[in-house]
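To keep things clear, I will list the structure first and then write my remarks on it.
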């Protein structure tokens, strides 16, 4: 079927055989002595190199240098590396594109778009990012009118793929949404779009491509542009690596005239993913089959020039993995509040006859060495454009490796693909609530008896983290009614099949769903709860009835936690959108730290081992309780079922939690090594300022290590006023740690630090521990909805100042001092008309009637939102303001932990440090903070001239 009369070359660099050398006839000079001749040759060579580098540097941008580095990578060599009779047949290069369509024609459905983006982020993106072969172009085609925050996030993801082979393509052409199901109907809408069309449209300046190496994309056109559009000037078309200078065109001309080509087009829906080896194995399989075709062609006469019309065939998978979570539409609001939502199940399914859409691939071989007048040589013929569901109806299975115009239902690896099944689906396949997952009308049963093993496969071979799937489930649950409504509205547009069974499934699900109960109607449960990113509460700690019976009514009420949360990006305010982006970056960084310090901690998420939270806070410092809640949320996101697997004990607040030493297990000699995790409560008390905390911490270290606990210290700030105490503590801690390191410990204790200075100091002081830098754990909370403030309580400025030994403004914490500062800054008249309130956490108990709860509740947010702007010197007041969308100015305190901690957290993304864009700033002292607050009140935004922004 294919011609082998021409030698093929890589489109990047000329291929050479390993170990081979090239030489040219030796040239001698009769006019120069040998020494001078050597000097002349050396100088000439160096001059040539310098001229080449200077010339290339002058006309090549930094991005183009990176591009050249990418294209210097050789195409995959013979995947089988065998010594058979086809060794003399060169492998043609593969031009492989992966097409992923996202919300085309559905851009005005914001809730559906957000849900689908989270599916894309959880199931699709990581599987392409981690492919072992990056020899492909990933074309992510999206509607140009999707919400800007989603477009921004998607751009961020794709532009950070190191190989620059991911392209975010914006379009308003709804024909590109089609999956070909109506291609052979009289009024069919066509089969979406391919790389040829995208490259042509971009070349003609009709397409917006936000990410990726666009020069590479245009180069995919090979001889079509080289031979027929060579005179077209592409310079200046687009600044994102798309301009083609003369030297680039010459490179392309050489490649286009000499190379044959295998064209491969793979489809991957935005909610599906591929095994990390899928592309590599797929290309190896394609090469193998092409070799067989070439062998057969050698035996036939006359030799026919190969084209896509004569060589195409289909490769697809049948057996695959599927993810389902029917809790999303089955559990009630009360059940969600009481036990939360599951991660769903992962099962294995094999379709009996048809192909699946995930990884559905067209393959063809063509000769591009000769000029052609046609412009469709890179387009597969119409007969090859069947939908994955139609292939088995219109085509025959390939009987052997040399057959064409047929399909192979044999993916090169299993499990080759993962398909997520959710209420965002267009087809609504497998979502009928009346049909069991293990019993469907068309497909084989979904085997879920090995779900836990398959979760491990998803993590290892697909890079899909279970915690992210759990968060996705929560989002789908809380937005389920809106998602179904928008999905129903969006489906019947050009290019989308409106199947009757899909409409019926949506109707069934809408009838099944019960609206979540209002937070205000939730009955009080005497348990400690934590808010998720879904405006609902979830029980986190299992306090026994005996413990509860001993608590006073006041203490019981302190355990109810009710601040209202909003999902990330559920806002139309640009400054808050930036904050939400930063919160997401910070959380990802926190998760990455655990991966970096050791996968051992993951075992506690998969084996259901016991986790103890040591010395959690229940005092009047709201920040301490926020820290405790953040720790619980962090562990939950890691996969720890904290409602079942976690308990608390400590030396404080023993009317709420037991003293560790009074528990029955305390007198046991030891636990199984590595079987139990002790999580040390974090905060800002590691050192000598809060001495009792440090003494108890050191004592507990030895106790828990003796009992074979694995220790994880949550993020702390380290500060000593006394070098003597610092040295003594370090020696004692090192003595304790070193005595157990070579014993039965499975893993060294991990200490996490929330600022760079603390981390640097800890590395020197505690070398026997594993130290790591992690942002403050309270960024795991929220984001919160800014509460409405009563007019009678509202002021211009809330001055939130500590009243303890850590404050540097303690002497100015009075009305007279603040009034005097304002008068000096803006004049007495304006100062008198400016209202302010000086507060600390405990003041909310007096300001808000009926609130006697000293822990973190809704009134904590109400307190800092009383003013149009907040001035504060408490770290967690600043973080809470950040999480709640409240403008704030912060002043550092005695140890510098506020500035250092925020610098570390907000340093997770460069845009996060720009306080001007997200309405926060840093001041050197209270006077400067008040000056900046007055400027903000005048302009309702921070001026870059007003001081140093955070």
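Numbering (this note's numbering), first residue to last: 2 to 951.
Ideal Cβ positions, reconstructed from N, Cα and C, are used throughout, including at glycine.
Quick caveat: nothing in here was measured; it's all calculated off a predicted structure.
Put simply, the region 778-796 touches the region 565-573. At least three CB pairs are less than 8 Å apart. By the C-beta criterion, the region 458-478 is judged to be in contact with the region 116-132, since at least 3 inter-stretch pairs fall below 8 Å.
For residue 273, the three-state secondary structure derived from DSSP is strand. Selection 752, 490 and 828 evaluated against residue 107 yields 490 as nearest (Cα-Cα).
Minimum Cα-Cα distance from residue 815 among the listed residues 838, 806 and 831 corresponds to 838.
With contacts defined as CB atoms closer than 8 Å, residue 823 and residue 835 qualify as a contacting pair. Remark: three or more beta-carbon pairs, one from each stretch, lie closer than 8 Å, so the region 262-271 and the region 348-365 are flagged as touching.
For residue 631, the enclosing alpha helix (DSSP H) covers residues 623-639.
For secondary structure counted as the alpha helix (DSSP H) over 4 or more consecutive residues, the region 817-900 holds these complete runs in sequence order: 829-834, 845-848, 859-865 and 876-885.
Listed in chain order, the non-local C-beta contacts of residue 173 below 8 Å within the same chain comprise 144, 145 and 146, local neighbours out to five positions each way being set aside.
Of the other Cβ atoms in all chains shown, fewer than 16 fall within 10 Å of the Cβ of residue 833; this residue is therefore exposed. DSSP places residue 786 outside any alpha helix (DSSP H), giving it a letter other than H or E. In terms of Cβ geometry, residue 342 and residue 426 do not form a close pair [threshold 8 Å]. For residue 716, the uninterrupted beta strand (DSSP E) run begins and ends at 711-720, by DSSP.
Each of 794, 843 and 397 was checked against the Cα of residue 805, and the nearest Cα belongs to 843. In this structure, 918 is the residue among 854, 918 and 856 with its C-alpha nearest to the C-alpha of residue 883.
Taking 8 Å as the cut-off, the Cβ atoms of residue 862 and residue 881 count as close. By the C-beta criterion, the region 506-515 is judged not to be in contact with the region 448-462, since fewer than 3 inter-stretch pairs fall below 8 Å.
Leaving aside the five residues that flank residue 137 on each side, the residues in its chain whose CB is nearer than 7 Å to its CB run, in chain order, 97, 98, 99, 166 and 280.
When the Cα atoms are used, residue 913 and residue 695 turn out to be separated by approximately 33 Å.
Around the beta-carbon of residue 621, fewer than 16 other beta-carbon atoms lie within 10 Å, marking it exposed. Going by DSSP, residue 330 is part of no beta strand (DSSP E) but of the alpha helix (DSSP H) stretching over 328-331. Separation of residue 310 and residue 320 (C-alpha to C-alpha, rounded to the nearest whole angstrom) is 29 Å.
Counting C-beta atoms within 10 angstroms of its own C-beta, residue 728 has fewer than 16 neighbours from the protein chains shown and is therefore classed as exposed.
Here residue 664 has 650 as same chain residues with Cβ atoms under 7 Å from its own Cβ, once five neighbours each way along the sequence are excluded. Within the DSSP secondary-structure output, residue 809 pairs in no beta bridge. The C-beta distance from residue 219 to residue 140 rounds to 13 Å, too long to meet the 8 Å contact threshold.
Assigned with DSSP and collapsed to three states, residue 661 falls in helix. In the three-state scheme derived from DSSP, where H, G and I count as helix and E and B as strand, residue 131 is classed as coil. In the three-state DSSP reduction, residue 476 falls in the helix class (H, G or I). Under the three-state reduction of DSSP, residue 456 is assigned to helix.
Look at the beta carbons and you see the region 794-803 not touching the region 753-762: under three pairs across the two are nearer than 8 Å.
When only Cα atoms are considered, residue 587 and residue 900 end up about 16 Å apart.
For residue 408, the secondary structure class from DSSP, reduced to helix, strand or coil, is strand.
In terms of Cα proximity to residue 487, the closest of 876, 115, 199 and 206 is 115. With fewer than 16 other CB atoms across the displayed protein chains lying within 10 angstroms of its CB, residue 156 is exposed.
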